[in-house]
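Here the structure is laid out as structure tokens; the discussion comes afterwards.
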DNA sequence: AATATTTATTTTAGCACCTAAAGTAAATCA
DNA sequence: TGATTTACTTTAGGTGCTAAAATAAATATT
């Protein structure tokens, strides 16, 4: 009921052209037509408008001419300076700011140590305003406008209402944050779960192009997950879907940071591994409730070098992870489960137990054809995903703005 | 990439009109416009075509005139005889055949006892062909054509490839069934999981209209589930999503019919309850691995009347169900979880333990605003859903057929 | 009873957008 | 130099929508 009826084909086609250009760099009109199933006549018309609006440019022909007969292709590409977006990743005691241009390239990146757990909602608000203002003042010189901001947050967020519902990096809850930033910077503000940003980046990689239903599990201080269904992040009713870390391994099992018992996170996260190990093993001193990368690497090394206690701890973590993944397979039946995050450093020590657990839990029919893989972790991936998501979210508005700007 | 561009607005709008008429019965042109966000001029044009094609009729004005000034509305409605569909529900040792008309009304229903577990794939094929032929010969008199067939099967099916991957009612696996039926009856064949059919019916009820993300759990001999995301059944990569019954409660727990241990089904299904009770309680004799409705009612009565052993068994079942639901909440975050199926007969004996388990498992933030409810069970619901789904799936084809028929 | 008012449907006029086909441009090949 | 090939642009025509005007069919008012 209540389907829209206004013909949106021109807008759809224009957005498809912009997205193809962002994906592929420079593309000829005829290929844009083929890739998006529109006639080249329409591409001519769309690209003429976009040129007018200053959103795309014709690329000067290559000096070493491309081989082949016939009139050479005229490649068009996005004007990187047409707009820019900022992505802020909020993690425990650190924020990262990244500036991306209209073509999706990262132009600038900076990290700041911030005691996030001691901030109030207003403090956070003020801090973000200040950091964004500063980075804009320094970096936005050539850009026509700031099109959007993406806030990538660990934890439960409601993109729809722009509210941080709960984050392990913050000690407050239910903070509406998007609206005020949007008013302050006159642009749209996208609030995203960090795992969704990473999943979007991974899904765009050619290696995973054949996996429209993709589950990404992020191991680290906590355990995150993102579920892509037909390539789009699945959010649930109020944004707290895909809370894999707090799905159950053992009723009445180990204590989790959430306050309940038996969550996967209480076995497989950094803090759980370190907690289980700290009493039995000689490990670097430090805050054992928030182990540092160095502390975790020391523990991982023990397991990989054959220490039986460390191996037992990682095997139990792998078993918990495996049973958790079995539930994900039974409930989501994805094409691929991809395990990443800083915690993959210890994946080799968990892998065998994980696979045993999955096989113990599920018959072949329910495993289906799902592949289970892991991939190396890159701390910049979150913001790269955030940049792309922010651009995709703002393209329609950018288009509208540059139309009215030309008319005036 | 590769988005379609051909303008499908006329088809979309026509289908929206047909679906509104099926939902609401008789509707005036002006209301069809309002409900589907199209102008009444367009509705006039669409309804003129449909009238031509014999798919709709104008309803003669009511004898007691509707109140109010102005020109009275001319109601239009689907011609019930324009087409019909058949839905076959396949359960353990029983099949049900239902004939539905173009307006979605059930015209005929019949049940047959069939030893499903002894059938080969070819036997099943032959049986279905015979039953469908017979029912068509008897029931299809006034109908213009058989538009489609829906096969509602318990277990894992791939709608896309039309293959029954695995069903507790059958002893064979991986049987492609849709294609041969489609060739035999010259119509499209929809293969669906039975829980999806039921969920579609429930989702259409006004009481659940505000729950686009709906999880339906079916308790019975086995345990089924359907997940509706924005009102459409979620299927996963190859149709085996939403296998809630085989998600885990206890690693290394009770033995399940699937051959693995610790599945929810191994605690909460009819066979699991009866198995746990048979050794300790005086219950009607019979096949205790496939308890009858009468056997189950006897057991349920014991629990509801206060027998401590029966109560303990139902409490453990409720606890397993609760932990399973907790995982569903963490992973899907639906608006509503609706528990139904023949097994709701014992729900009162499970309910308290179930809620305790959910509260033990999840903090409030992850519970979110999800409601958990149960509803009475109606064995005809599956086929009603199948009829609706088959009609929705075939409307576009029906439209095309009656267009070419008129032209010739 | 005649006229005004209200509401529903149909007709008309015009717009937005697409495509196929024809026309033009810019290269290589012979 | 002209034929061929390929890319892009222009033209002509179609689909399908909407707003507004026209028409239809009822009730309300005087």
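Chains as they are written, first to last, in this note's numbering: chain X, 4 to 411; chain E, 4 to 411.
Glycine included, every Cβ here is placed at the ideal spot set by N, Cα and C.
Closest residue to residue i among the options (Cα-Cα distance)
i	options	result
residue 78(X)	54(X), 87(X) and 98(X)	54(X)
residue 214(X)	374(X), 301(X), 142(X) and 13(X)	374(X)
residue 63(X)	29(X), 322(X) and 57(X)	29(X)
residue 231(E)	115(E), 289(E), 24(E) and 338(E)	338(E)
residue 202(X)	341(X), 246(X), 318(X) and 185(X)	341(X)
residue 81(X)	106(X), 65(X) and 43(X)	106(X)
residue 385(E)	34(E), 100(E) and 19(E)	100(E)
residue 16(X)	358(X), 315(X) and 41(X)	41(X)
residue 199(E)	129(E), 141(E) and 92(E)	92(E)
residue 166(X)	196(X), 147(X) and 149(X)	196(X)
residue 191(X)	221(X), 175(X), 12(X) and 396(X)	396(X)
residue 98(X)	233(X), 155(X) and 289(X)	155(X)
residue 371(E)	151(E), 45(E), 343(E) and 362(E)	362(E)
residue 281(X)	402(X), 76(X), 302(X) and 268(X)	302(X)
residue 216(E)	334(E), 153(E), 252(E) and 246(E)	334(E)
residue 21(E)	409(E), 408(E) and 400(E)	400(E)
residue 473(X)	402(X), 398(X), 347(X) and 322(X)	Residue 473(X) lies beyond the residue range present for chain X, which begins at 4 and ends at 411; the question has no answer from this structure.
residue 13(X)	50(X), 143(X) and 59(X)	50(X)
residue 390(X)	103(X), 26(X) and 34(X)	103(X)
residue 87(E)	147(E), 354(E), 360(E) and 272(E)	147(E)
residue 89(E)	27(E), 409(E), 170(E) and 394(E)	394(E)
residue 160(X)	264(E), 368(E) and 382(E)	368(E)
residue 46(X)	235(X), 32(X) and 293(X)	32(X)
residue 253(X)	294(X), 247(X) and 264(X)	264(X)
residue 294(E)	57(E), 278(E), 305(E) and 283(E)	278(E)
Per-residue DSSP class, three states only, for residue i
i	result
residue 8(E)	Unreliable placement is indicated for residue 8(E), whose pLDDT of 46 sits below 50; no coordinate value is reported for it.
residue 200(X)	helix
residue 180(E)	coil
residue 134(E)	helix
residue 400(E)	helix
residue 316(E)	helix
residue 366(E)	coil
residue 17(E)	helix
residue 113(X)	strand
residue 141(X)	helix
residue 206(E)	helix
residue 394(E)	helix
residue 95(E)	coil
residue 155(E)	strand
residue 122(E)	coil
residue 238(E)	coil
residue 164(X)	coil
residue 324(E)	helix
Beta-bridge partners of residue i, as assigned by DSSP
i	result
residue 227(X)	221(X)
residue 104(X)	87(X)
residue 374(X)	339(X)
residue 359(E)	Looking at the DSSP assignment, residue 359(E) forms no beta bridge with any residue, so it has no partner.
residue 3(E)	Nothing about residue 3(E) can be reported from this structure: the residues present for chain E run from 4 to 411 only.
residue 195(X)	155(X)
residue 149(X)	87(X)
residue 169(X)	159(X)
Closer than 6 Å: residue i CB and nearest the ligand NAD heavy atom
i	result
residue 316(X)	As far as ligands go, the structure on display features none, and thus does not contain the ligand NAD.
Contact residues within the segment 351 to 378 of chain X, judged by C-beta distance below 8 Å to chain E: Listed in chain order, the positions of the segment 351 to 378 of chain X with a beta carbon within less than 8 Å of a beta carbon of chain E are 360, 363, 364, 365, 366, 368, 369, 371, 372 and 373.
Any residues in the segment 227 to 245 of chain E with a beta carbon nearer than 9 Å to a beta carbon of chain X? Which ones, in chain order? Taking 9 Å as the Cβ-Cβ cut-off, the segment 227 to 245 of chain E approaches chain X at 228, 230, 232, 237, 238, 239, 240, 241, 242, 243, 244 and 245, given in chain order.
Below 9 Å between beta carbons is the criterion; list the residues of the segment 244 to 258 of chain X that meet it against any residue of chain E, in chain order. Taking 9 Å as the Cβ-Cβ cut-off against chain E, the residues of the segment 244 to 258 of chain X that qualify are 244, 245, 246, 247, 248, 249, 250, 251, 252, 253, 254 and 255.
Scan the segment 325 to 343 of chain X for residues whose Cβ lies nearer than 8 Å to a Cβ of chain E and list them as they occur along the chain. Interface annotation for the segment 325 to 343 of chain X against chain E: 326, 329, 330, 331, 333, 334, 335, 336, 337 and 338, criterion Cβ-Cβ distance under 8 Å.
For the segment 240 to 320 of chain E, list the beta strand (DSSP E) runs that are entirely contained and at least 3 residues long, ordered along the chain. Listed in chain order, nothing qualifies, since the segment 240 to 320 of chain E has no complete beta strand (DSSP E) run of 3 or more residues.
Taking Cβ-Cβ distances below 7 Å as the criterion, which residues of the segment 255 to 288 of chain X are in contact with chain E? Cβ contacts with chain E come from 261, 262 and 263.
Continuous alpha helix (DSSP H) assignments of at least 4 residues falling wholly in the segment 12 to 84 of chain X: Fully enclosed alpha helix (DSSP H) runs of 4 or longer: 12 to 27, 32 to 39 and 43 to 55.
Short of 8 Å Cβ to Cβ, which residues in the segment 153 to 183 of chain X face chain E? Interface annotation for the segment 153 to 183 of chain X against chain E: 159, 168, 169 and 176, criterion Cβ-Cβ distance under 8 Å.
Name, going along the chain, the residues of the segment 392 to 406 of chain X whose beta-carbon falls closer than 8 Å to a beta-carbon of chain E. The residues in question: there are none.
At a CB distance below 7 Å, what residues from the segment 201 to 226 of chain X approach chain E? Give them in sequence order. Within the segment 201 to 226 of chain X, the qualifying residues are 216.
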